[in-house]
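What follows is a short report on a single structure.
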Amino acid sequence: MTEHILIIGGGQAGMQIAVTLREDGFDGTVTIVGEENHGPYQRPPLSKAYLAGDADAESLELRNPQFYVDNNIVVIPSEKVVSLAWGQNHGVAITETGRELPFSQLALATGSDPKRLTCEGADLDGVLYMRGLDDANALKARWESIENIVVIGGGFIGLEVAAVARKYNKNVTVVHSRDRLMSRAVGPVVSDFFLKAHTQRGAHILLEKKVSRLIGNSGRVTGVELEDGTVIPADAVMVGIGVSPRGELAQQLGLEISANGAIVVDSHARTSDPRIVACGDVAMLPHPLTGESMVMLESVQNAVDQAKLAAKTLRGGTDEYRAVPWFWSDQADLKLQMAGLLQGYDQQVLRGNPDEGKFSVLYYKNGRIIAVDAVNDVSDYMAVRRALTAGQNIPADRAADSSVALKTLFTD
Amino acid sequence: MPSVTYISPDGTETTLEGRDGDSVMDLAVKNGVKGIVAECGGACACATCHVYVDEAFSDEVGEAGDLEDDMLDGAAAERRPTSRLSCQIKLRSELDGMRVTIAPEQV
């Protein structure tokens, strides 16, 4: 049979594999199958501009429908692949509706699902999540009628939704189980800054608090009860407590899966079966700068860059994945931009003054810069991103002088 | 509907018609114009949609905002007086017929 690459997952990563295959001249069949009732679209604005009413659904589309036609990319929405089998030279995927999709090569870009609450009341009406367009629409549909919203989880998604809700003057309470906000992603200085910033903008932030149950009336959520007995009134509860990678199909194929269910890939985006690649939120991969540890990168940057590499690997490419991870989060008028991964840092340098709402924190390990968190400080963010991309250092002792532009301090 | 002509790094010219309010970046990316990466999708967070605006339209397009200005300083390709991030230019009838040259490196 002719070459037929099947991409399971219709998100940013899945789409990018298809686009790169065509850009590189692949002339076999390319099919993207996804569960959602939408073609590939951007997720990041869902909890930001889209929720705030500054972007519509059409503007979120990653490509026009005509683009897929022109590039001979078959997009099958609303189909969930439930089983996969390999024959001698080709395989077949079977969907929930019984559709059979043949393939000669396979790419898994199945993404992740939001972790669900499991406490009493978790299934009440008004308990919402934020992953897909349908989730965002469900929240928007209620938006007008929401007076009190409780956000469970003080990560990016939760805080972005909280910021939009405050903009609309809703009563907002954020319940976070850890001792600081966004603790997996940013350093303590930045966590403290955002605690203050959200509090100043009228949100109530509760740290180190756990939810014991959700309270309802006639099937609708009316409040959130904490383990200490406090009850917070709620017309809606937005849950943002992390994600679970969608590794179930990979498991079915007997591929190596990490403890959290992610698909383990090598630096070529290959799974433990070299015929199959995986990329994006579902993948656990070697650190793309150091190769030293295995990491998960739930970001657009990784979805795009790793997908590009996966597409090349499918065609026999031997390049290794090397990229500077970067992330951003818009919360109220604050633009948080991060580059590199700060895990394992042994020194930090603060530039600027958090009290003035513009600053950056540079993170170092063994004297070399490894990451930056920047708040409304695009220059520092861009400088560190460029240094990391070029494999250069920015000496910590000199970076401490905020009046000096970082881009003038690069060394080998 | 305003139309924009994109000149890709390889010299290819593509003319597209977009809807008012969409950005110059949106229109290019959604139609697969090569050279504009736009990883952040228009949040002014990545500086990978760098273009040089035709001088005839410089005044109409206006100058970069503060944030965009700083992003452009760190952009991969040479910054010129006509440099803009195309995600920050919204289409409107006054920009009909504009030509933009896509910067050669974006990342």
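Those sequence lines, one after another, are chains Z and X. The first sequence begins at 820 in my numbering and counts up by one. The second sequence begins at 218 in my numbering and counts up by one. Heads up, the beta-carbon is just placed ideally off N, CA and C, and yes, glycines get one too. Quantities reported herein were computed from a predicted structural model and do not represent experimental measurements.
**Item:** Short-range partners of chain Z found in the stretch 277-297 of chain X, where Cβ spacing is below 7 angstroms
**Value:** Leu284, Asp287, Met288, Asp290 and Gly291
**Request:** Taking only beta-carbon positions, decide if Ala1202(Z) is within less than 9 angstroms of chain B.
**Result:** Annotation note: the requested chain B is absent from the structure, which comprises protein chains Z and X.
**Request:** Could you please tell me which residues of the stretch 880-897 of chain Z, in chain order, have their CB closer than 9 angstroms to any CB of chain X?
**Result:** Glu880, Leu881, Arg882, Asn883, Gln885, Phe886, Asp889 and Asn890
**Message:** Quick check on the burial criterion: 16 or more other C-beta atoms within 10 angstroms. Buried or exposed for Ser902(Z)?
**Reply:** exposed
**Item:** Boundaries of the beta strand (DSSP E) in which His1023(Z) is found, first to last residue
**Value:** His1023 to Leu1025
**Asked** Is it true that the CB of Pro863(Z) sits closer than 9 angstroms to the CB of Ala260(X)?
**Response** yes
**Request:** Counting only the same chain and skipping the five closest in sequence on each side, list residues whose C-beta sits under 7 angstroms from that of Val250(X).
**Result:** Tyr223, Ser225 and Thr231
**Backbone secondary structure at Gly1135(Z) - three-state DSSP** = coil
**Prompt:** Going along the chain, which residues of the stretch 859-880 of chain Z sit with their C-beta nearer than 7 angstroms to a C-beta in chain X?
**Reply:** Gln861, Pro863, Pro864, Ser878 and Glu880
**Nearest-angstrom Cα separation, counted from Ser1179(Z) out to Thr839(Z)** = Just so you know, the alpha carbons of Thr839(Z) and Ser1179(Z) end up roughly 35 angstroms apart.
**Message:** So for Phe1229(Z), helix, strand or coil by DSSP?
**Reply:** Here Phe1229(Z) sits in coil by DSSP.
**For Thr339(X), the residue or residues it bridges with in DSSP** = The displayed coordinates of chain X run from 218 to 324. Any statement about residue 339(X) would go beyond what the structure contains.
**Request:** Determine the contact status of Tyr860(Z) and Glu842(Z), defining contact as a CB-CB distance below 9 angstroms.
**Result:** no
**Prompt:** Can you tell me the Cα-Cα spacing of Pro891(Z) and Ile824(Z), whole angstroms?
**Reply:** At residue 891(Z) the sequence reads Asn, which differs from the Pro that was named. Approximately 12 angstroms, taken between the alpha carbons.
**Asked** On the premise that Gly1099(Z) lies in contact with Gln1125(Z), defined as a C-beta separation below 8 angstroms, what is that separation, rounded to the nearest angstrom?
**Response** With 8 angstroms as the limit, Gln1125(Z) and Gly1099(Z) qualify as a contact, their Cβ atoms being about 6 angstroms apart.
**Request:** With a 10 Å radius around its C-beta and 16 neighbouring C-beta atoms as the bar for buried, classify Ala798(Z) as buried or exposed.
**Result:** This structure does not reach residue 798(Z), given that chain Z is present from 820 up to 1231, and the question cannot be answered.
**Asked** What does a CB cutoff of less than 7 angstroms around Ser1112(Z) pick up in its chain, not counting 5 residues either side in sequence?
**Response** His1106
**Request:** Look up Gln1120(Z) in the DSSP assignment and give the residues it is bridged to.
**Result:** DSSP, once it has assigned bridges, lists no residue as partnering Gln1120(Z).
**Asked** Going along chain X in order, which residues have a C-beta closer than 9 angstroms to the C-beta of Ser1179(Z)?
**Response** Near Ser1179(Z) there are no residues of chain X at all, since even the closest Cβ is about 12 angstroms away, more than 9 angstroms.
**Item:** CA nearest to the CA of Ala1088(Z), picked from Ser1063(Z), Asn1079(Z), Val1114(Z) and Glu1067(Z)
**Value:** Val1114(Z)
**Asked** chain X partners of Ser1198(Z), CB-CB under 9 angstroms?
**Response** Chain-order list of chain X residues neighbouring Ser1198(Z): Asp287, Met288, Asp290 and Gly291, by C-beta distance under 9 angstroms.
**Prompt:** What runs of the beta strand (DSSP E), each 3 residues or longer, lie entirely inside the stretch 827-907 of chain Z?
**Reply:** 848-852, 892-895 and 900-905
**Message:** For a cutoff of 9 angstroms on Cβ pairs, would you count Val838(Z) as touching chain X?
**Reply:** yes
**Request:** Please confirm whether Ala273(X) and Ala294(X) have their CB atoms less than 9 angstroms apart.
**Result:** no
**For Ser923(Z) and Val980(Z), the rounded distance between their alpha carbons** = 42 angstroms
**Asked** Between Gly1038(Z) and Val1008(Z), what straight-line distance do the alpha-carbon atoms span, to the nearest angstrom?
**Response** 41 angstroms
**Message:** Once DSSP output is grouped into helix, strand and coil, what is the label at Asn1212(Z)?
**Reply:** Strand.
**Asked** Going along the chain, which residues of its own chain have a beta-carbon closer than 6 angstroms to the beta-carbon of Asp806(Z), five neighbours each way excluded?
**Response** With chain Z represented from 820 up to 1231, any question about residue 806(Z) goes unanswered, as that position is not in the structure.
**Request:** Kindly say whether Gln1125(Z), judged by its beta-carbon, lies nearer than 9 angstroms to any beta-carbon of chain X.
**Result:** no
**Asked** Got a sec? Which residues, its chain only, sit under 6 angstroms from Val1084(Z) by beta carbon, not counting five neighbours each side?
**Response** Around Val1084(Z): Thr1090, Ala1097, Ala1102 and Leu1104.
**Prompt:** So, Asp1216(Z) versus Arg1170(Z), is the Cβ gap smaller than 9 angstroms?
**Reply:** With contacts defined as CB atoms closer than 9 angstroms, Asp1216(Z) and Arg1170(Z) fail to qualify as a contacting pair.
**Request:** Report yes or no: do the stretch 845-860 of chain Z and the stretch 907-924 of chain Z share at least 3 C-beta pairs separated by less than 8 angstroms?
**Result:** yes
**Asked** Of the choices Arg997(Z), Leu978(Z), Ser1002(Z) and Ala960(Z), whose alpha-carbon is the least far from that of Thr1018(Z)?
**Response** Minimum Cα-Cα distance from Thr1018(Z) among the listed residues Arg997(Z), Leu978(Z), Ser1002(Z) and Ala960(Z) corresponds to Leu978(Z).
**Under 7 angstroms by beta carbon: chain X residues contacting Gln1120(Z)** = Glu256
**Message:** Between the alpha carbons of Lys986(Z) and Val946(Z), how many angstroms are there, rounded?
**Reply:** Distance from the CA of Lys986(Z) to the CA of Val946(Z), rounded to the nearest whole angstrom, comes to 21 angstroms.
**Message:** Quick check: what's the CA-CA separation for Gly1163(Z) versus Gly853(Z)?
**Reply:** 37 angstroms
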